[in-house]
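Residue numbers (UniProt numbering): 1 to 310.
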């Protein structure tokens with residue numbers, strides 16, 4: 001079966017991670033998979049490294065404006081037919097609502113995975129577009145039960161129209177012992193190491209974690225690894241310089257060796273204002289780390305207080 005995974009972002013985050021993992025897993029199952037996007041350099045690079053087929057969807061200029069969405073839908077359905085797509089799986093609010101009419105016109109099944117709630121909390125009327133997508137035959141997927149309840153509390157969806165399917169992660173085995181990994185990072189062999197992984201954006205609230213790290217007892221001589229990049233980096237760099245423990249905060253940027261970094265750490269933390277089902281928390285759990293997370297969204301379904309974290 002020829003299946004397309006469609007996403008519109010230019011980020012390197014959890015949703016993109018899920019798209020790539022699904023594409024690989026479906027390929028292993030014998031399906032022919034293509035990743036559809038709007039020219040993301042990250043997706044292009046990752047698809048090349050992973051041996052995945054990727055295509056840039058035409059008609060991007062019509063996608064960004066509500067008034068021209070019908071033109072995009074018409075062009076996209078032609079494209080889906082031309083590519084011989086048999087199932088379309090869209091990720092995030094924009095691709096779901098933009099692709100729903102195209103999939104209906106092309107006569108193919110359409111799955112739409114919702115990875116967040118802020119697309120609706122920021123603009124509540126958008127929920128009507130998700131209802132329209134559902135009426136057009138799109139099967140909606142929430143990545144946590146908390147998220148499913150959020151959407152059901154704001155609009156009426158039938159039991160079949162919206163269901164929860166948890167994210168999963170394909171966690172690679174890591175070569176090298178823990179002390180060697182720490183040495184490579186310039187970390188003391190026995191110091192407690194805390195790690196957070198995620199885009200440096202305001203809703204991830206790395207600044208809260210900086211404040212918390214600044215309150216730790218200096219006698220611990222702990223280190224804090226911050227993995228990821230984004231618009232908040234400059235502000236976090238300034239904040240780091242003001243903290244007495246700043247020299248033990250390491251902003252590592254975007255990394256491809258997250259599994260190794262997790263193996264070198266002792267504790268994972270996440271300070272997000274909102275979460276669907278965090279791939280970073282799943283990866284930390286797969287690495288055997290206790291997780292300290294905010295009591296929001298799908299975090300509550302992954303981390304059980306005083307059992308595998310707080």
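Where is the CB? At the ideal position from N, CA and C, for every residue including glycine.
These numbers come from a predicted model, not from an experiment.
Own chain residues within Cβ distance below 7 Å of residue i, not counting five before or after
| i | result |
| --- | --- |
| residue 286 | 169 and 171 |
| residue 50 | 20 and 24 |
Residue i - containing alpha helix (DSSP H), residue span
| i | result |
| --- | --- |
| residue 82 | 69 to 83 |
| residue 119 | 118 to 121 |
| residue 12 | Note, residue 12: premise wrong, no alpha helix (DSSP H); not H, not E. |
| residue 96 | 93 to 106 |
| residue 281 | 279 to 286 |
| residue 247 | Where residue 247 is concerned, there is no enclosing alpha helix (DSSP H), given that its DSSP letter is neither H nor E. |
| residue 262 | 258 to 264 |
| residue 300 | 299 to 302 |
For residue i, the nearest candidate out of the options (CA to CA)
| i | options | result |
| --- | --- | --- |
| residue 238 | 151, 210 and 186 | 210 |
| residue 192 | 306, 126 and 289 | 289 |
| residue 142 | 265, 64 and 277 | 277 |
| residue 225 | 255, 162 and 234 | 255 |
| residue 78 | 67, 107 and 93 | 107 |
| residue 125 | 303, 105, 92 and 155 | 155 |
| residue 139 | 160, 280, 177 and 206 | 160 |
| residue 153 | 136, 250, 165 and 131 | 131 |
| residue 32 | 149, 54 and 46 | 54 |
| residue 221 | 158, 249 and 235 | 249 |
7 Å Cβ cutoff met for residue i and residue j
| i | j | result |
| --- | --- | --- |
| residue 18 | residue 167 | yes |
| residue 253 | residue 217 | no |
| residue 111 | residue 145 | no |
| residue 294 | residue 271 | yes |
| residue 318 | residue 200 | Residue 318 is absent from the model: the chain starts at 1 and stops at 310. |
| residue 174 | residue 197 | no |
| residue 302 | residue 281 | yes |
| residue 14 | residue 269 | no |
| residue 180 | residue 189 | no |
Residue range of the beta strand (DSSP E) that includes residue i
| i | result |
| --- | --- |
| residue 157 | Taken as a continuous stretch (DSSP letters only), residue 157 belongs to no beta strand (DSSP E), as it is neither H nor E. |
| residue 55 | 53 to 56 |
| residue 112 | 110 to 114 |
Contacting residues, own chain, Cβ-Cβ under 8 Å from residue i (five flanking each side not counted)
| i | result |
| --- | --- |
| residue 214 | 243, 244 and 245 |
Beta-carbon contacts of residue i that lie in its chain and below 6 Å, excluding the five residues immediately before and after
| i | result |
| --- | --- |
| residue 96 | 90, 112 and 133 |
| residue 299 | 275 and 293 |
Touching by the beta-carbon criterion (3+ pairs, under 8 Å), the stretch 64 to 74 and the stretch 88 to 105:
yes
Quick check: the stretch 31 to 45 against the stretch 4 to 11, are at least 3 beta-carbon pairs closer than 8 Å?
yes
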